[in-house]
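Engineer: The following block contains the structure, expressed as structure tokens.
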Amino acid sequence: MTTLVWLVVPYLAFASFGVGHWWRWRHDRFRSGVAGGRTDISRTGLWLFRIGILVVLLPRIGRILLSRTHFGFSVSVSQVALVSEAIAAPIALTGAVLLLLPAMVNGSTRPVTIVDRITLPILAAAILSGVLVIFDPKSTGSQDISEHTLFVWFPSLFGLDPQPGVMAHAPLLYRVRGLTVILAIAVWPYTRLAGLFARPIGHGIRRLTTALTSAVRQAN
476 MTTLVWLVVP
486 YLAFASFGVG
496 HWWRWRHDRF
506 RSGVAGGRTD
516 ISRTGLWLFR
526 IGILVVLLPR
536 IGRILLSRTH
546 FGFSVSVSQV
556 ALVSEAIAAP
566 IALTGAVLLL
576 LPAMVNGSTR
586 PVTIVDRITL
596 PILAAAILSG
606 VLVIFDPKST
616 GSQDISEHTL
626 FVWFPSLFGL
636 DPQPGVMAHA
646 PLLYRVRGLT
656 VILAIAVWPY
666 TRLAGLFARP
676 IGHGIRRLTT
686 ALTSAVRQAN
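Adding 475 to a residue's 1-based position in the sequence shown gives its number in the working numbering.
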């Protein structure tokens, strides 16, 4: 059961994330989502959510990468990650509410699906569980439980030696945190948020490609 829940299910979620984005790109170039410009949503919510998610993710990624080096920055990076998530979580959640609720209440150009209805609860659970982990009174200082569970398990999924066993006896809060994040990854491409980052990235790549092509033509 441990292998199924903490190893097989995450890899299936990653596969769903990749295949789902490919399908959405082939299907409608992400134009049917809240970032596609067809729905009447608050631009404030759009940018709040983008900023909140990035402020949560970037320090976490830096923490994972630096933890595998010998620079000696692990403590300061850990503190930055915790503070940034505590600040960014309510920002991201506020943005998600502004993005999703108007479409759920007032309707939009696309039908409201079951996935649309569960998107906000999943995001809320993932974001709030992260905040609860940060302020967990049982996990302080050198006894940070997340350092021995979540931050061992999740990075290991991208290496040659995955360690699902560290989550088997983790406290319930930490298991809920891990599973809600995995669930959010799995359903993301099928929600209205699918193009939230993919469209700006795709637009940037197209502009860069156009600029490089123009420069090559001018050089020739």
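Beta carbons are placed, not taken as given, at the ideal position from N, Cα and C, and that holds for glycine. Here the structure is a predicted model, which is why all the values come from computation and not from measurement.
#1: Please go through the same chain and pick out, in chain order, the residues whose beta-carbon is closer than 6 Å to the beta-carbon of Ala-690, but skip the five residues on each side of it.
#2: Let's test the definition: count the other Cβ atoms within 10 Å of the Cβ of Pro-612 and tell me whether it reaches 16, buried, or not, exposed.
#3: Sort Asp-619, Val-480, Val-484 and Val-494 by Cα distance to Trp-663 and report the nearest one.
#4: Tell me whether Ala-686 sits in a helix, a strand or coil according to DSSP, three-state version.
#5: Taking C-alpha atoms, which residue in Leu-607, Val-587 and Gln-693 lies nearest to Val-558?
#6: Here's the rule I'm using: 16 or more other beta-carbon atoms within 10 Å means buried, otherwise exposed. How should Tyr-486 be labelled?
#7: Going by beta carbon distance, what residues of the same chain come within less than 8 Å of Leu-648, once the five residues before and after it are set aside?
#8: Pick helix, strand or coil for Gly-493, following the three-state DSSP scheme.
#9: Applying the criterion that 16 or more other CB atoms from any shown protein chain within 10 Å of the CB defines a buried residue, is Ile-536 buried or exposed?
#10: Just curious, the alpha helix (DSSP H) that Ala-669 is in, first and last residue?
#11: So, using beta-carbon positions, are Leu-568 and Ile-602 closer together than 8 Å?
#12: Is the beta carbon of Ala-563 less than 8 Å from the beta carbon of Gly-527?
#13: Distance, Cα to Cα, Ala-659 vs Leu-598?
#14: If we count the other Cβ atoms within 10 Å of its Cβ and call it buried at 16 or more, is Ala-673 buried or exposed?
#15: Pull up the distance between the alpha-carbon of Thr-478 and that of Gly-640, whole angstroms please.
#16: Please specify which runs of the alpha helix (DSSP H), each continuous and at least 4 residues long, are wholly inside the stretch 594-627, giving them in chain order.
#17: CA-CA distance, Val-550 and Ile-657?
#18: To the nearest angstrom, how far is it from the Cα of Ala-669 to the Cα of Arg-499?
#19: So is Val-483 buried or exposed if we call it buried at 16+ other beta carbons inside 10 Å?
#20: Classify Pro-664 as helix, strand or coil using the three-state DSSP reduction.
Structural biologist: Working from what's here:
#1: none
#2: exposed
#3: Val-494
#4: helix
#5: Leu-607
#6: exposed
#7: Ser-604, Leu-607, Val-608 and Asp-611
#8: helix
#9: exposed
#10: Segment: none, Ala-669 is in no alpha helix (DSSP H) and carries neither H nor E.
#11: yes
#12: yes
#13: 7 Å
#14: buried
#15: 8 Å
#16: 620-623
#17: With a pLDDT of only 49 at Val-550, under 50, the local geometry of the prediction cannot be trusted, and the value read off the model is given with reservation. Answer to the nearest angstrom: the Cα atoms are 26 Å apart.
#18: 8 Å
#19: exposed
#20: helix
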